[in-house]
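S.K.: These protein sequences, in sequence, are chains A and B. In this text, residue positions in the first sequence follow our numbering: the first is 5, and each later residue adds one. In this text, residue positions in the second sequence follow our numbering: the first is 5, and each later residue adds one. Virtual Cβ for every residue (Gly too), placed ideally from N, Cα, C. Just so it is clear, the structure is predicted and the values come from calculations on it, not from any experiment.
2 protein chains.
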Amino acid sequence: VSSRKTAVDPPDGWSHLPPEAKCLWLRAQPPHQSHELFLHLTTREQLELLLALSQSERQVWLRLLPPDDVADLLQAAGTSRGMLASLLDDATRLQVTALLAYKEDLAGGLMSPRFVRVRPDMTADEAIGYVRLQSHVVETVYYLYVLDEDQRLLGVLSLRELFSCPKDRPVRQVMRQDVVSIPDRMDQEAVAQIFARSDLIALPVVDAEGRMKGIITIDDIVDVVNEEASEDIQKFGGMEALHAPYLEVGFARMLRKRAGWLAALFIGEMLTATAMARYQNDIAQAVVLTLFIPLIISSGGNAGSQASTLIIRAMAVGEIGVRDWRVVLRRELPLGWMLGVCLAFIGIARILLWQVIGGSYGSYAVALAVTVGLSLVGVVVWGTVFGALLPFLLRAVRLDPASASAPFVATVVDVSGLLIYFTVARFVLRGILL
Amino acid sequence: VSSRKTAVDPPDGWSHLPPEAKCLWLRAQPPHQSHELFLHLTTREQLELLLALSQSERQVWLRLLPPDDVADLLQAAGTSRGMLASLLDDATRLQVTALLAYKEDLAGGLMSPRFVRVRPDMTADEAIGYVRLQSHVVETVYYLYVLDEDQRLLGVLSLRELFSCPKDRPVRQVMRQDVVSIPDRMDQEAVAQIFARSDLIALPVVDAEGRMKGIITIDDIVDVVNEEASEDIQKFGGMEALHAPYLEVGFARMLRKRAGWLAALFIGEMLTATAMARYQNDIAQAVVLTLFIPLIISSGGNAGSQASTLIIRAMAVGEIGVRDWRVVLRRELPLGWMLGVCLAFIGIARILLWQVIGGSYGSYAVALAVTVGLSLVGVVVWGTVFGALLPFLLRAVRLDPASASAPFVATVVDVSGLLIYFTVARFVLRGILL
């Protein structure tokens, strides 16, 4: 009994091997193991390998893959698509063509067309026998789907339910009719939310006319959940989603994914220079004000980052929807206020302490402390509210809420934070320093 | 056939109802539906409901839950723990006590002790009959675990394999011996990675002596993956993980989760004020330098945020390990360099353009542009490298890499960014402005 390694792990250094070396290594393994390994590679790796193999080997290996994986492979194959498709048997080619009609991130692109279909008038025992016959060609034997002559889904029953009912009971009387089914054009993120709520290991996919087209199994959903979380996390870090493992993304592609957003944020942040130019005379008169600029604007950015992260994630897992913006605002406004007061308290203490110890700020220490304290409250409240509401705004205009990234929120809050700070300063320090 | 709603969805506004109202609503539903709904509530809601019910109802509802869910419930029950435990039947109480010995986020805390055990000398047909008998008391019927007299795991076979083999073949000859099993003290994040790689719907959990203690099913893994991603995303946004849905966290708890990190970052960022105080004379002589402070330090923060996000996520899904820091450094160093050059180019163009249009920067425009450009390259390279390596550092000292949050990286880079900027300025502008 192995503990940490799975039976399908590739050898160390695998990802650095050229496709030809991978072929050699695979040929040297017992078929059972090399097949298992091949089935668990990424689509890109499977494609590389297939193209490196001889024509006859290619056919054997390609036919190992279930139709949904073949569809992903053909989608990535570019000019080799026709050649690879010609290696499939006719039945599979038909299924794959149907799958290719769907975009990869829709329910239809995730499903497998190989499921157990039964008729409503079969008995439980007949149905079990039927499962036994089909067991090697279907994606899962654990659910049986009851269809009418037009392939419309009438009900579903699990193998477990079939086991615990009398042998001669017709399927029609055992099946559940309140079936959770998934429209073939539903986005994969929504599909993952349904799985997360339902605890089922497979769900049927139906088209607009209620005809069953395939099933989605939960092992694919684990991948979807991981993928969607990676995308959100990367967008949240202020870049485009990679859609591939870090080490597999080439230098040029990585640069493109990151340079675009970084440059956009930079151009946005240039407004801080413009804003500060307006206050150049104030700064010249009260250089001490500049000392607290990074402190104040970054606090707004951090508060905004917290709020936007929370909201983006809660939206992604379906905890809150677009309509909940009022509820969120009612929570975040007092929260931002309290957080701002906390920081203001620390900031004021810091200034007064430095004053007592070193006399750093001369006769205007108290006025300066008041300026910094009030600005912090203003900036943190604004950062929190802006960070919390931006994802709703993006969603309302049909953009991805995850684009309300920490750097993006920080950039907007930096510019407005400067305006808040200098406005407060002019008001409080008038006649003292300005 | 319903499409969007699952059969277990609570009614609208459910989460705002007091527990007593929830009880009333549940009692009014047909038992099948109210039981389903109850089973899919969060642990906290189940507990609230149970405490609001009468003693006799409580027993019925509590006994609906599988042992792993009961264990979670008792863990959350506080002073009611003994009372609730007394309502269980003896067998379940024993199982639950065994589960409670594990921490919630370890494999042992996720597993269910209810699985199908068979002996190696049973025939395939006997085994199928046995599954039929056990089908209503086990978590899944889809895998059969072959154990010896000491409960040591000998092998596993799926119901599907059992179906496609001759009826009189002994289980010993059908079972697979190269079983992937999970140590009972493995962290749930590592368990999720094994599931993501293996495509199986259940995996056995064994203790240090190889005795099988239970199974983990993939539907729980979807929850784990979502949970871990939420935790990472929240930490990444610069706060403590909530461990609960956004709308269910009370005001005081939310404040605590956010105020701590915000205050810590604020105190760290106070170093910027200290750093700038060192350059107060430079600033007084060259106020124009201050205009670009937010621009330069935020660019370092943004570059660092991109790098740390990528690395944290790649670590979380197991794409890279602690040993890969050299590979990462070799990629990020030239990347940071290119990104820095891009931004420097834009920054220099901006200064020269403003100079040509409005003569904003007088005779020292070129020197200023050079200062800003060089600083940008330095700050972006440093931000990228620091952001990429910090997760490795945290991991090396056994802290969570996800603590290398965007705000944390930005705070460190802000302070060092100021030092870089003023050092470059002193060097370039000596004799011109300083």
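1. Between the segment 267-295 of chain B and chain A, which residues of the former have CB atoms less than 8 Å from a CB of the latter, in chain order?
2. Using a threshold of 8 Å, state whether the C-beta atoms of alanine 353/B and aspartate 236/B are closer than that.
3. Residues in its own chain within less than 7 Å of tryptophan 265/A by CB, not counting five upstream and five downstream?
4. Cutting at 7 Å between CB atoms, please list the residues of its own chain near serine 309/A, excluding the five before and the five after it.
5. Can you find a CB in chain B that lies within less than 8 Å of the CB of aspartate 154/A?
6. How far does the beta strand (DSSP E) with valine 120/A in it reach, from first residue to last?
7. So for aspartate 191/A, helix, strand or coil by DSSP?
8. By the three-class DSSP mapping on this structure, what secondary structure does arginine 402/B have?
9. Hey, could you find the ends of the beta strand (DSSP E) threonine 221/B is sitting in?
10. Please classify glutamine 181/A as buried or exposed, where buried requires at least 16 neighbouring CB atoms within 10 angstroms.
11. Can leucine 339/A and leucine 259/B be called in contact, C-beta distance under 8 Å?
12. Cβ of serine 303/B less than 8 Å from any chain A Cβ?
13. Just to confirm the assignment: which complete alpha helix (DSSP H) runs, minimum length 4, are found wholly within the segment 350-438 of chain A?
14. Rounded to the nearest angstrom, how far is the Cβ of alanine 206/A from that of tyrosine 146/A, given a contact under 8 Å?
15. Span of the alpha helix (DSSP H) holding alanine 23/A?
16. Below 8 Å on C-beta distance, what does serine 168/A contact in chain B?
17. Could one say the Cβ of alanine 200/A lies closer than 8 Å to chain B's Cβ atoms, at least one of them?
18. Name the chain A residues that come within less than 9 Å of aspartate 236/B, Cβ to Cβ?
19. Is serine 309/B close to chain A? Criterion is C-beta to C-beta, closer than 8 Å.
20. So, helix, strand or coil for serine 302/A, using DSSP?
21. Go ahead and label alanine 256/B buried or exposed: buried means 16 or more other beta carbons lie within 10 angstroms of its beta carbon, across all protein chains shown.
22. Nearest-angstrom Cα distance between glycine 254/B and aspartate 227/B?
23. Would proline 249/B pass as an interface residue toward chain A - the criterion being a Cβ-Cβ separation below 8 Å?
24. Cβ of aspartate 191/A less than 8 Å from any chain B Cβ?
25. Nearest CA to the CA of serine 234/B: which residue from Gln177/A, Arg282/A, Ala320/A?
26. Where do the N-terminal and C-terminal ends of the alpha helix (DSSP H) with glycine 133/B fall, by residue?
27. Counting only Cβ pairs nearer than 9 Å, list the residues of chain A close to leucine 398/B.
28. Residue range of the alpha helix (DSSP H) that valine 178/A falls in?
29. Just the chain B side, please: which residues come within less than 9 Å of tyrosine 146/A by C-beta, in chain order?
30. Across which residues does DSSP place valine 142/B in a beta bridge pair?
31. Which residue comes first and which comes last in the beta strand (DSSP E) that contains valine 150/A?
32. What residues of chain A sit near valine 195/B, judged by a beta carbon separation below 8 Å?
33. Can you look up proline 208/A in the DSSP assignment and give me helix, strand or coil?
34. Any residues in the segment 85-116 of chain A with a beta carbon nearer than 9 Å to a beta carbon of chain B? Which ones, in chain order?
35. For serine 6/A, does the three-state DSSP call read helix, strand or coil?
M.R.: Inspection of the coordinates gives the following:
1. Ala267, Leu269, Phe270, Ile271, Glu273, Met274, Thr276, Ala277, Met280, Ala281, Gln284, Ile287, Ala288, Val291, Val292, Thr294, Leu295
2. A distance of 8 Å or more separates the beta carbons of alanine 353/B and aspartate 236/B.
3. Gly242, Met243, Glu244
4. Gly391, Ala410, Val413, Ala414
5. False, the Cβ-Cβ gap to chain B never drops below 8 Å.
6. 120-122
7. When DSSP states are grouped into helix, strand and coil, aspartate 191/A belongs to the strand group.
8. coil
9. Looking at the DSSP string, the run of the beta strand (DSSP E) that includes threonine 221/B is 216-221.
10. Classified as exposed, glutamine 181/A has fewer than 16 neighbouring CB atoms from the shown chains inside 10 Å of its CB.
11. yes
12. Yes, serine 303/B lies at the interface with chain A (some Cβ there is under 8 Å from its Cβ).
13. 369-400, 410-433
14. Between tyrosine 146/A and alanine 206/A the Cβ distance is about 7 Å, and since that is below 8 Å, they are a contact.
15. In the sequence under discussion, the amino acid at residue 23/A is proline, which differs from the alanine named in the question. Counting along the chain, the alpha helix (DSSP H) containing proline 23/A begins and ends at 23-32.
16. Arg136, Ser139, His140
17. yes
18. Neighbourhood of aspartate 236/B in chain A, by CB distance below 9 Å: Ala233, Ile237, in chain order.
19. yes
20. helix
21. exposed
22. 22 Å
23. yes
24. no
25. Nearest of Gln177/A, Arg282/A, Ala320/A to serine 234/B, Cα basis: Ala320/A.
26. 128-138
27. The contacting residues do not exist; leucine 398/B stays about 16 Å from chain A at best.
28. 175-178
29. Thr144, Val145, Tyr146, Leu163, Arg164, Ile205
30. Note: valine 142/B sits in no beta bridge, so no partner.
31. 147-151
32. Going along chain A, no residue has its Cβ under 8 Å from valine 195/B, so there is no contact; the nearest lies around 11 Å.
33. Proline 208/A: strand per DSSP, three-state reduction.
34. none
35. Low per-residue confidence applies at serine 6/A: pLDDT is 33, beneath 50, and the placement is therefore not dependable, though the value from the model is reported in the following sentence. Looking at serine 6/A - three-state DSSP - the assignment turns out to be strand.
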